[in-house]
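J.: Numbering (UniProt numbering), first residue to last: 1 to 193. Ideal placement from N, C-alpha and C gives every residue a C-beta, glycine not left out. Source: prediction; values computed, not measured.
1) At the level of alpha carbons, what is the spacing between residue 94 and residue 19?
2) If you run the structure through DSSP and keep just helix, strand and coil, what is residue 109?
3) Does the separation of the CB atoms of residue 152 and residue 134 fall below 7 Å?
4) Work out the CA separation of residue 59 and residue 70 for me, nearest whole Å.
5) I need the DSSP call for residue 17, collapsed to helix, strand or coil.
6) Any idea if residue 107 is buried or exposed, counting beta-carbon neighbours within 10 angstroms, 16 or more meaning buried?
7) Name the DSSP beta bridge partners of residue 70, please?
8) DSSP puts residue 151 in a beta bridge; with which residues?
9) Excluding sequence positions up to five away, which residues of its chain have a Cβ less than 8 Å from the Cβ of residue 54?
10) Buried or exposed for residue 96, going by 16 or more other Cβ atoms inside 10 Å?
11) Write down the C-beta distance between residue 113 and residue 39 rounded to the nearest angstrom, noting that I regard them as a contact closer than 8 Å.
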(Lines of atoms letter the chains of each structure in order from A; the text may use other names.)
(Lines give C-alpha, C1' and ligand atoms only; values in the text may rest on other atoms or scores of the structure.)
Protein backbone atom coordinates (compact mmCIF):
# COMPACT_ATOMS: atom_id res chain seq x y z
CA UNK A 1 0.00 0.00 0.00
CA UNK A 2 1.20 3.51 -0.79
CA UNK A 3 2.06 5.34 2.44
CA UNK A 4 0.78 8.61 0.92
CA UNK A 5 -2.60 7.30 -0.29
CA UNK A 6 -4.57 8.96 2.56
CA UNK A 7 -3.00 12.32 1.63
CA UNK A 8 -3.81 11.89 -2.05
CA UNK A 9 -7.38 10.87 -1.18
CA UNK A 10 -7.73 13.98 0.98
CA UNK A 11 -6.39 16.21 -1.82
CA UNK A 12 -8.85 14.66 -4.28
CA UNK A 13 -11.73 15.11 -1.81
CA UNK A 14 -10.81 18.78 -1.43
CA UNK A 15 -11.16 19.23 -5.18
CA UNK A 16 -14.65 17.72 -5.22
CA UNK A 17 -16.38 19.48 -2.32
CA UNK A 18 -18.59 22.50 -2.90
CA UNK A 19 -18.29 24.25 0.46
CA UNK A 20 -14.98 25.28 2.05
CA UNK A 21 -13.07 23.92 -0.91
CA UNK A 22 -9.29 24.33 -0.85
CA UNK A 23 -7.70 25.21 -4.15
CA UNK A 24 -4.48 23.57 -5.29
CA UNK A 25 -2.32 26.55 -4.32
CA UNK A 26 -3.64 26.37 -0.76
CA UNK A 27 -2.86 22.66 -0.62
CA UNK A 28 0.64 23.19 -2.07
CA UNK A 29 1.29 25.93 0.48
CA UNK A 30 0.21 23.69 3.36
CA UNK A 31 2.33 20.82 2.04
CA UNK A 32 5.43 23.02 1.87
CA UNK A 33 4.95 24.07 5.48
CA UNK A 34 4.22 20.52 6.67
CA UNK A 35 7.24 19.07 4.85
CA UNK A 36 9.44 21.83 6.24
CA UNK A 37 8.15 21.38 9.78
CA UNK A 38 8.48 17.59 9.79
CA UNK A 39 11.80 17.32 7.98
CA UNK A 40 13.72 20.43 9.00
CA UNK A 41 12.23 21.30 12.39
CA UNK A 42 11.27 17.94 13.91
CA UNK A 43 14.13 15.93 12.43
CA UNK A 44 11.89 13.26 10.95
CA UNK A 45 14.36 12.79 8.12
CA UNK A 46 13.03 9.67 6.49
CA UNK A 47 14.17 10.63 3.02
CA UNK A 48 12.83 7.48 1.38
CA UNK A 49 9.27 8.35 2.41
CA UNK A 50 9.80 11.95 1.34
CA UNK A 51 11.17 10.85 -2.02
CA UNK A 52 8.04 8.75 -2.50
CA UNK A 53 5.98 11.80 -1.58
CA UNK A 54 7.58 13.85 -4.36
CA UNK A 55 6.82 11.16 -6.93
CA UNK A 56 3.26 10.74 -5.63
CA UNK A 57 2.57 14.47 -5.69
CA UNK A 58 3.85 14.80 -9.26
CA UNK A 59 1.56 11.99 -10.40
CA UNK A 60 -1.52 13.39 -8.65
CA UNK A 61 -1.26 17.19 -8.79
CA UNK A 62 -0.47 19.83 -11.38
CA UNK A 63 2.69 21.81 -10.70
CA UNK A 64 4.44 24.58 -12.56
CA UNK A 65 8.17 23.92 -13.10
CA UNK A 66 8.91 26.55 -10.43
CA UNK A 67 6.64 24.91 -7.86
CA UNK A 68 8.06 21.44 -8.41
CA UNK A 69 11.56 22.88 -8.01
CA UNK A 70 10.60 24.24 -4.57
CA UNK A 71 9.38 20.79 -3.54
CA UNK A 72 12.56 19.20 -4.94
CA UNK A 73 14.78 21.62 -3.04
CA UNK A 74 12.93 20.91 0.22
CA UNK A 75 12.60 17.15 -0.25
CA UNK A 76 15.94 16.47 -1.96
CA UNK A 77 18.24 19.36 -0.99
CA UNK A 78 21.47 17.47 -1.64
CA UNK A 79 20.51 16.89 -5.27
CA UNK A 80 18.55 20.07 -6.02
CA UNK A 81 19.77 23.02 -3.95
CA UNK A 82 22.40 25.03 -5.81
CA UNK A 83 25.79 24.65 -4.12
CA UNK A 84 24.51 22.39 -1.30
CA UNK A 85 27.61 20.18 -1.30
CA UNK A 86 30.16 22.76 -2.38
CA UNK A 87 33.24 23.04 -0.21
CA UNK A 88 33.00 26.81 -0.32
CA UNK A 89 30.57 27.98 2.36
CA UNK A 90 27.32 29.45 1.08
CA UNK A 91 25.13 31.28 3.58
CA UNK A 92 21.77 30.28 2.11
CA UNK A 93 22.75 26.64 1.86
CA UNK A 94 24.20 26.61 5.36
CA UNK A 95 20.93 27.69 6.96
CA UNK A 96 19.09 24.90 5.11
CA UNK A 97 21.32 22.16 6.50
CA UNK A 98 19.42 19.87 8.86
CA UNK A 99 22.04 20.35 11.58
CA UNK A 100 21.77 24.16 11.51
CA UNK A 101 21.02 25.21 15.10
CA UNK A 102 21.81 28.93 15.47
CA UNK A 103 18.60 30.64 16.60
CA UNK A 104 19.02 33.73 14.42
CA UNK A 105 19.78 31.52 11.40
CA UNK A 106 16.72 29.37 12.10
CA UNK A 107 14.52 32.46 12.27
CA UNK A 108 15.72 33.50 8.82
CA UNK A 109 15.15 29.99 7.47
CA UNK A 110 11.63 29.86 8.95
CA UNK A 111 10.88 33.24 7.37
CA UNK A 112 12.18 32.17 3.96
CA UNK A 113 10.08 29.00 3.94
CA UNK A 114 6.99 30.91 5.06
CA UNK A 115 7.63 33.50 2.36
CA UNK A 116 7.99 30.90 -0.40
CA UNK A 117 4.85 29.15 0.85
CA UNK A 118 2.89 32.41 0.69
CA UNK A 119 4.24 33.19 -2.79
CA UNK A 120 3.06 29.79 -4.03
CA UNK A 121 -0.27 30.36 -2.30
CA UNK A 122 -0.65 33.71 -4.08
CA UNK A 123 0.33 32.32 -7.48
CA UNK A 124 2.07 33.72 -10.54
CA UNK A 125 0.09 36.95 -10.42
CA UNK A 126 2.09 38.39 -7.50
CA UNK A 127 5.17 40.52 -8.02
CA UNK A 128 7.16 38.34 -5.61
CA UNK A 129 6.76 35.37 -7.98
CA UNK A 130 8.93 37.25 -10.49
CA UNK A 131 11.52 38.19 -7.86
CA UNK A 132 11.87 34.57 -6.75
CA UNK A 133 11.29 32.48 -9.86
CA UNK A 134 11.91 34.75 -12.86
CA UNK A 135 14.40 37.40 -11.73
CA UNK A 136 15.85 37.85 -15.23
CA UNK A 137 12.53 39.37 -16.30
CA UNK A 138 13.58 42.31 -14.13
CA UNK A 139 16.66 42.93 -16.28
CA UNK A 140 16.83 46.50 -17.57
CA UNK A 141 14.19 47.64 -15.08
CA UNK A 142 14.87 49.57 -11.89
CA UNK A 143 15.07 48.31 -8.34
CA UNK A 144 13.35 49.72 -5.29
CA UNK A 145 14.49 51.63 -2.22
CA UNK A 146 18.07 52.83 -2.56
CA UNK A 147 18.39 51.17 -5.99
CA UNK A 148 15.65 53.17 -7.72
CA UNK A 149 18.23 54.79 -10.04
CA UNK A 150 20.14 51.53 -10.67
CA UNK A 151 19.29 49.40 -13.68
CA UNK A 152 19.03 45.70 -12.84
CA UNK A 153 21.58 43.78 -14.91
CA UNK A 154 21.97 40.10 -15.72
CA UNK A 155 25.25 39.80 -13.79
CA UNK A 156 23.67 40.72 -10.45
CA UNK A 157 20.28 41.11 -8.87
CA UNK A 158 20.06 44.27 -6.82
CA UNK A 159 18.03 44.76 -3.68
CA UNK A 160 17.52 47.53 -1.19
CA UNK A 161 20.53 48.69 0.86
CA UNK A 162 22.72 48.29 -2.19
CA UNK A 163 23.31 44.55 -1.82
CA UNK A 164 23.59 41.97 -4.55
CA UNK A 165 22.63 38.36 -4.01
CA UNK A 166 24.22 36.25 -6.72
CA UNK A 167 23.01 32.83 -7.93
CA UNK A 168 25.94 31.26 -6.08
CA UNK A 169 24.45 32.53 -2.83
CA UNK A 170 27.23 35.09 -2.32
CA UNK A 171 26.09 38.34 -0.79
CA UNK A 172 28.00 41.41 -1.95
CA UNK A 173 27.69 45.10 -1.31
CA UNK A 174 27.04 47.24 -4.34
CA UNK A 175 29.91 49.71 -4.09
CA UNK A 176 29.07 51.96 -7.08
CA UNK A 177 26.12 53.61 -5.35
CA UNK A 178 25.73 57.32 -5.97
CA UNK A 179 23.11 57.93 -3.29
CA UNK A 180 24.10 57.77 0.39
CA UNK A 181 27.18 55.51 0.19
CA UNK A 182 27.56 53.68 3.48
CA UNK A 183 29.98 50.92 4.46
CA UNK A 184 27.49 49.68 7.06
CA UNK A 185 24.88 48.54 4.52
CA UNK A 186 23.08 45.37 5.46
CA UNK A 187 20.64 43.42 3.28
CA UNK A 188 16.96 43.97 3.99
CA UNK A 189 15.68 41.18 1.72
CA UNK A 190 16.94 37.70 0.94
CA UNK A 191 15.56 35.97 -2.10
CA UNK A 192 16.06 32.22 -2.60
CA UNK A 193 16.35 30.69 -6.04
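T.: Let me spell this out:
1) Counting from one through the chain shown, the residue named residue 94 turns up at place 94. Counting from one through the chain shown, the residue named residue 19 turns up at place 19. In a straight line, the C-alpha of residue 94 is about 43 Å away from that of residue 19.
2) Mapped onto the chain shown, residue 109 falls at position 109. Here residue 109 sits in helix by DSSP.
3) Along the chain shown, one-based indexing puts residue 152 at 152. Along the chain shown, one-based indexing puts residue 134 at 134. No.
4) The sequence position of residue 70 within the chain shown is 70, counting from 1. The sequence position of residue 59 within the chain shown is 59, counting from 1. Our two residues, residue 70 and residue 59, have alpha carbons roughly 16 Å apart in a direct line.
5) Translated into positions along the chain shown, residue 17 becomes position 17. The answer is coil: DSSP assigns residue 17 none of H, G, I, E or B.
6) Working through the chain shown from its first residue, we reach residue 107 at position 107. Exposed is the call here.
7) Taking the first residue of the chain shown as 1, we reach residue 70 at position 70. Paired residue(s): none; residue 70 is not in a bridge.
8) Numbered from 1 along the chain shown, position 151 holds the residue referred to as residue 151. In the DSSP output, where bridge partners are listed per residue, residue 151 has 142.
9) As a first step, residue 54 must be located in the chain shown, where it is residue number 54. In the same chain as residue 54, and ignoring 5 residues on each side of it, the C-beta atoms closer than 8 Å to its own belong to 71, 72, 75 and 76, in chain order.
10) Your numbering for residue 96 matches position 96 in the chain shown. Within 10 angstroms of the beta-carbon of residue 96 lie 16 or more other beta-carbons, which makes it buried.
11) One-based indexing of the chain shown puts residue 113 at position 113. One-based indexing of the chain shown puts residue 39 at position 39. The C-beta distance from residue 113 to residue 39 rounds to 11 Å, too long to meet the 8 Å contact threshold.
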